[in-house]
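Colleague: Residue numbers (the numbering used here): 1 to 511.
Beta carbons: idealized from backbone N, C-alpha and C, even for Gly.
Here it is, the structure in full.
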Amino acid sequence: MTNPAALRQEILRLTREYSRQVHGGFRPAADPERNPWQEGTTIPYAGRVFTEDEVEAAVSSTLDFWLTLGKEGEAFQQELAAFLGVRHSLLVNSGSSANLIAISALTSPKLPAARRIKPGDEVITVAAGFPTTVAPIVQVGAVPVFIDADPITGNASCEQLEAAYSPGKTKAVMMAHALGNPFDLATTLAFCRKYNLWLVEDNCDALGCSYSMPRELAESLSFSEHSPGHNEDPDRVVRWTGTWDDLSTQSFYPPHHLTMGEGGAVNIVRDQKLKVIAESFRDWGRDCWCPSGIDNTCNKRFGWQLGELPAGYDHKYTYSHLGYNLKPLDPQAAIGRVQLRRLPQFIEARKQNWETLRRGLAAHEDVLEFALPTHATGWDPDRGFSWDDTGCRTDCSWFGFKIAVKPTAPFSRTELAQELDHHKIGNRMLFGGNLLRQPAFVQLRQDRPEALRVMGEMTGSDEIMNSTLFLGTFPGLTQAMLNQEIKVIADFLRVQTESCSVASSMGSGLH
Ligand SMILES: Cc1ncc(COP(=O)(O)O)c(C=O)c1O
């Protein structure tokens, strides 16, 4: 009989061989062994990018059959936290769960009474984007206060924060960095500091994006440290998004910067207390913080008296929060660890793919409006971005390549999307567009008008909803795929413009 170690080795060897044979189309675009793209086949907007390393990690962890979050999960949490330079990262089963836990943590009675989010308190958020950035605010009994979004950056119009503030009611700001474009952190952090508010950065689409500001400004906001991996420029502070204030969240669903299938994380930037609370919400609401399979970490398992329980009631079964169970499985974490090692290349590939599309489509600025990073005022092919005079800068590892169809264009956004679809080019709208127009939020407003507050007309969010789509930038896109995207758009625009000029010359003949 073959011994188990040898058997395992053989299984993993065969796993690698199988994966090499059947998954060649999923390798990073830069990998020489990647299957070339065949003209006429689909160009996805996003998807899993992996090799036999991820498949081996999944199978190896599955052979262990520990299943629930264990050593791989623990290692992933530490490695992600080290990459970001945050105190803790807590693995959960999705980005949506991460958002739910982050905001739930801020409701904990273990926090100072004046800062804790209580039912009816307000959390400022943005109208355009993904629904589960906002839904958890409602789910914890707080009131989302919507500010508008800027159609060029896709991000919150942070100049509206002041007007949205309600003394005694506003407790937090929770917003996403849209499509990998950091929102105006300098303005947001100054606002949060002024009123002593929590900040939750929904970093689900922005792992690997960074934001920098002049040192003097950073120090006035209590930052002096660079995130790991950033150059020590003495005049500036550069940090990853997701590391600027209290809490942030990640998604590891396949379109995101790294994947483990389903998955997400809550990053706890500094405060150990928030880690214990967030973990409690993730793990059934329990008061005990022992890892799975371990007892008595606190050394007084039978020494507590909490709530109205009898003295000495088992700490393992003591619940201080109305929690959930939102943990992923250990094999997911094993996959994630391999992906984490690829993250620096993935981050760069997204930047390069955005740049390739931007250059390739630069001739079409008459009808298409391209995204600008927050704080940029323009882009040109020789000098790149020009910047506003705040001294703040963004460095985007783009989740997608955002295109808006200008109102003067002789075609609509939907027609462009249909053309891309016809050529099997993956494209998406900016998620839910103006969320307030989604059926779920319309219903909420009808059922409970007091459940949300809206800061005026959401014209920017409407514009995003009506005129924007995005293409992929993910690291699986090869140069041939990007060239095809550029060509299809150029051909479509040429036909549209020609038929428009024929129509107008016919028109001028008639009149
Ligand atoms: C900004 C943002 N937040 C949260 C989520 C939710 O992540 P998940 O799909 O892992 O629940 C997404 C999903 O794409 C997202 O784009």
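Within the same chain, show all residues whose beta-carbon is closer than 7 Å to that of A451, passing over the 5 residues directly before and after it, in chain order.
Modeller: Closer than 7 Å at the Cβ level, and outside the excluded window around A451, lie V138, V143 and L444.
Colleague: In this structure, how does DSSP classify E514 when only helix, strand and coil are distinguished?
Modeller: The requested residue 514 is not part of the displayed model; the chain covers only 1 to 511.
Colleague: Rounding to the nearest angstrom, what Cα-Cα distance links L471 and I403 in this structure?
Modeller: L471 and I403: Cα-Cα distance of roughly 8 Å.
Colleague: Ligand 1 and G472: does any heavy atom of the ligand fall closer than 7 Å to the residue's C-beta?
Modeller: Incorrect: G472 has no Cβ contact closer than 7 Å to ligand 1.
Colleague: Of all the options R286, R342, L63 and E348, which has the alpha carbon lying nearest to the alpha carbon of L534?
Modeller: In the structure as shown, the chain starts at 1 and stops at 511, and residue 534 therefore has no counterpart that could be examined.
Colleague: Alpha helix (DSSP H) containing Q38: first to last residue?
Modeller: Per DSSP, Q38 belongs to no alpha helix (DSSP H) and is neither H nor E.
Colleague: Tell me the start and end of each unbroken beta strand (DSSP E) in the region 42-120 that is at least 3 residues and wholly inside, in chain order.
Modeller: Complete beta strand (DSSP E) runs here, min 3: 88-92.
Colleague: Examine ligand 1 and report whether any of its heavy atoms sits within less than 7 Å of the Cβ of D31.
Modeller: For ligand 1, not one heavy atom lies less than 7 Å from the Cβ of D31.
Colleague: Since Y211 is in the alpha helix (DSSP H), which residue starts that stretch and which ends it?
Modeller: Per DSSP, Y211 belongs to no alpha helix (DSSP H); it is in the beta strand (DSSP E), S210 to P214.
Colleague: Where does the unbroken beta strand (DSSP E) through N181 begin, and where does it stop?
Modeller: Run containing N181: none; DSSP gives neither H nor E here.
Colleague: Is it buried or exposed, H422, if we count other Cβ atoms within 10 angstroms and call 16 or more buried?
Modeller: Exposed, because fewer than 16 other Cβ atoms sit within 10 Å of the Cβ of H422.
Colleague: Going by C-alpha to C-alpha distance, which of A371, V442 and P439 sits closest to T468?
Modeller: Nearest of A371, V442 and P439 to T468, Cα basis: A371.
Colleague: Nearer than 7 Å: is that true of the beta carbon of F130 relative to any heavy atom of ligand 1?
Modeller: Under cutoff, so the answer is yes.
Colleague: Distance check for K71 and R350, CA to CA, integer angstroms please.
Modeller: Distance between the alpha carbons of R350 and K71 is about 30 Å.
Colleague: Less than 8 Å between the C-beta atoms of M174 and V140, yes or no?
Modeller: No.
Colleague: Suppose the cutoff is 6 Å on Cβ atoms and the five residues either side in sequence are ignored; what does the same chain contact list for T377 look like?
Modeller: So the qualifying residues of the chain are S386 and D388.
Colleague: Candidates K171, Q78, A98 and I152: which alpha carbon is nearest G120's?
Modeller: Residue K171 is the option with its Cα nearest to G120.
Colleague: Look at G512 and F252 and say whether their C-beta atoms are less than 8 Å apart.
Modeller: As displayed, the chain neither begins before 1 nor continues past 511, which places residue 512 out of reach and without an answer.
Colleague: Where does V49 land, buried or exposed, given buried means 16+ other C-beta within 10 angstroms?
Modeller: Buried.
Colleague: Less than 8 Å between the CB atoms is what I'm expecting for I43 and K487, so what's the real figure, rounded?
Modeller: With a Cβ gap of about 11 Å, I43 and K487 do not count as contacting.
Colleague: What are the complete beta strand (DSSP E) segments, minimum 3 residues, inside the region 177-263?
Modeller: DSSP runs (the beta strand (DSSP E)) wholly in the region 177-263: 198-202, 210-214, 236-240 and 247-251.
Colleague: Let me know if A29 comes out buried or exposed under the rule of 16 or more other beta-carbons within 10 Å of its beta-carbon.
Modeller: So A29 ends up on the buried side.
Colleague: Counting Cβ pairs closer than 8 Å, one from the region 52-62 and one from the region 16-24, do we hit at least three?
Modeller: Yes, the region 52-62 is in contact with the region 16-24.
Colleague: Pick from Q479, C396 and V367: whose alpha carbon is nearest that of T497?
Modeller: When each option's Cα is compared against that of T497, the closest is V367.
Colleague: Closer than 7 Å to a non-hydrogen atom of ligand 1 - does that hold for the CB of T133?
Modeller: Yes; taking the cut-off as 7 Å, the Cβ of T133 has a heavy atom of ligand 1 nearer than that.
Colleague: Checking 8 Å against the spacing of the C-beta atoms, do A250 and G261 come in under that value?
Modeller: Rather than Ala, the amino acid found at residue 250 in this sequence is Gln. No; because the gap between Cβ atoms is not below 8 Å, this pair is not in contact.
Colleague: In angstroms with no decimal places, state the Cα-to-Cα distance between Q9 and I489.
Modeller: For Q9 and I489, the distance between alpha carbons rounds to 49 Å.
Colleague: Can you name the start and end residues of the beta strand (DSSP E) that F470 belongs to?
Modeller: Per DSSP, F470 belongs to the beta strand (DSSP E) from T468 to G472.
Colleague: Kindly indicate which three-state DSSP category F492 falls into: helix, strand or coil?
Modeller: F492: helix per DSSP, three-state reduction.
Colleague: With burial defined as no fewer than 16 other Cβ atoms inside 10 Å of the residue's Cβ, what is the status of E216: buried or exposed?
Modeller: Under this definition E216 is an exposed residue.
Colleague: Expressed to the nearest angstrom, what Euclidean distance is found between the alpha-carbon atoms of L63 and L14?
Modeller: So the two alpha carbons sit approximately 14 Å from each other.
Colleague: Evaluate T2 with the Cβ neighbour count: other Cβ atoms within 10 Å of its Cβ, from every protein chain shown; 16 or more gives buried, anything less gives exposed.
Modeller: It is exposed - the Cβ of T2 has fewer than 16 other Cβ atoms within 10 Å.
Colleague: Rounding to the nearest angstrom, what Cα-Cα distance links G73 and S280 in this structure?
Modeller: Cα to Cα, G73 sits roughly 16 Å from S280.
Colleague: For N353, which residues from the same chain have a beta carbon less than 6 Å from its beta carbon, with the 5 sequence-adjacent residues on both sides left out?
Modeller: Taken in chain order, the residues that qualify are T473 and L477.
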